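Asks: When we follow my numbering, the leftmost residue of the sequence shown carries the number 289, and every step to the right adds one.
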Amino acid sequence: MQNFFSATAQCRVRYLDLPGGGVPLLFIHGLGCASSYDYPRVVSDPAWSSRRSILIDLPGSGYSDRPQSYGYSTREQASVVGELVEHLGLNRFFLYGHSMGGSIAIEVAASMPGKIAGLMVSEPNFRAGGGMYSRMIAAQTEDEFVAHGYQKAIAANAENPWSGSLQNSDPSAVWRAAVSLVSGIEPDWYQLFAQLKIPKTLIFGELSLPDEDFTAFQQAGVTTTIVPSAGHAMSWENPAGLARVLAEQCRA
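(1) Determine the direct distance from the alpha carbon of V311 to that of F381, and round the result to whole angstroms.
(2) For Q537, is the classification buried or exposed, using 16 other Cβ atoms within 10 angstroms of its Cβ as the cut-off for buried?
(3) Can you find at least 3 beta carbon pairs, one from the stretch 456–476 and one from the stretch 317–326, that sit closer than 8 Å?
(4) Span of the beta strand (DSSP E) holding A405?
(5) In its own chain, which residues sit with a C-beta less than 8 Å from the C-beta of C299, not counting the 5 before and 5 after it?
(6) Starting from H386, trace the beta strand (DSSP E) in both directions and tell me its first and last residue.
(7) With a CB to CB cut of under 7 Å and the five nearest residues on each side skipped, what residues in its chain are close to I442?
(8) Would you call L469 buried or exposed, if buried means 16 or more other Cβ atoms sit within 10 Å of its Cβ?
(9) Can you give the beta carbon distance from G350 to S332, rounded, assuming they're within the 8 Å contact cut?
(10) For R302, which residues in the same chain have their Cβ closer than 6 Å to its Cβ, ignoring the five residues on either side in sequence?
(11) Tell me which same chain residues have a C-beta within less than 6 Å of the C-beta of Y360, skipping the five on either side of it?
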């Protein structure tokens, strides 16, 4: 695993840079997750090509450092991803983000559209208010979540793969990220995504449908695609299906 020093987060950020040809794909994970945990099964699937794949663990997650003075907002995390792009000297790359990572990916793409060969987001947070887990976490104070809520969330999801990555995430980082999702940004991620004049794809798990945003973007002519036999946690529920979808979009 490689690393670089982030001036934004003031810490070491770790990532996997898996060799391959073609235009690389950079992966961004969701809340309480880590790319090193979520995506190895995806990029090792036979459906995936031999394309270069870059898997970042955002600050506070997975193998990356956990600075306590850092805000962990989507905007700050997007800046860290931008630093990785600069560190690697990427002039052209595909970008994929899931859930919170999808929101971060939208912000990254909006900041450097000329470098993005294609943006793919799966079930991102499009608006302020957060999802079920981020609302539950943000409803507590940071001290309450760190002292009690964090372990309760791990225990409540013991049969869910999310529990494994959550216990390798810093509790303050998870809480601050959840608050950022609930607070949102202006203009919101929905507007930013709609306005981007680059190749872009909205991905949903079959079990997450129907969804109003998916339908709206589909009707607006945005490329939409479905991972079969999966819900929100598609990288765990059907990694081969997600690998096929991503491979298809990287060829488009």
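From the three backbone atoms N, C-alpha and C, an ideal C-beta is built for every residue, glycine too.
Remember, it's a predicted structure, so these values are computed and weren't measured experimentally.
Replies: A quick look at the data gives this:
(1) Within the sequence shown, numbered from 1, the residue matching residue 381 stands at position 93. Within the sequence shown, numbered from 1, the residue matching residue 311 stands at position 23. Roughly 5 Å between the two C-alpha positions.
(2) Taking the sequence shown and counting its residues from 1, the one referred to as residue 537 is at position 249. With 16 or more Cβ atoms within 10 Å of its Cβ, Q537 is classed as buried.
(3) Cβ pair count under 8 Å is three or more, so yes.
(4) As a first step, residue 405 must be located in the sequence shown, where it is residue number 117. I404 to S410 is the span of the beta strand (DSSP E), which, as asked, contains A405.
(5) Within the sequence shown, numbered from 1, the residue matching residue 299 stands at position 11. The answer, listed in chain order, is F293, P347, S352, D353, R354, P355 and Y358.
(6) Along the sequence shown, read from residue 1 onward, the residue named residue 386 stands at position 98. Element bounds for H386: F381 to H386.
(7) What you label residue 442 is simply residue 154 of the sequence shown in a count that begins at 1. Taken in chain order, the residues that qualify are S451, L454 and Q455.
(8) On the sequence shown, residue 469 is found 181 positions in, with the first residue counted as 1. So L469 ends up on the buried side.
(9) Counting from one through the sequence shown, the residue named residue 350 turns up at place 62. Counting from one through the sequence shown, the residue named residue 332 turns up at place 44. Not confirmed; about 17 Å, so no contact.
(10) As a working mapping, residue 302 is identified with position 14 in the sequence shown. Here the set comprises M289, N291, D345, Y351 and S352.
(11) Position 72 of the sequence shown holds residue 360. Excluding sequence neighbours, Y360 sits near G348, A461, R464 and A465.
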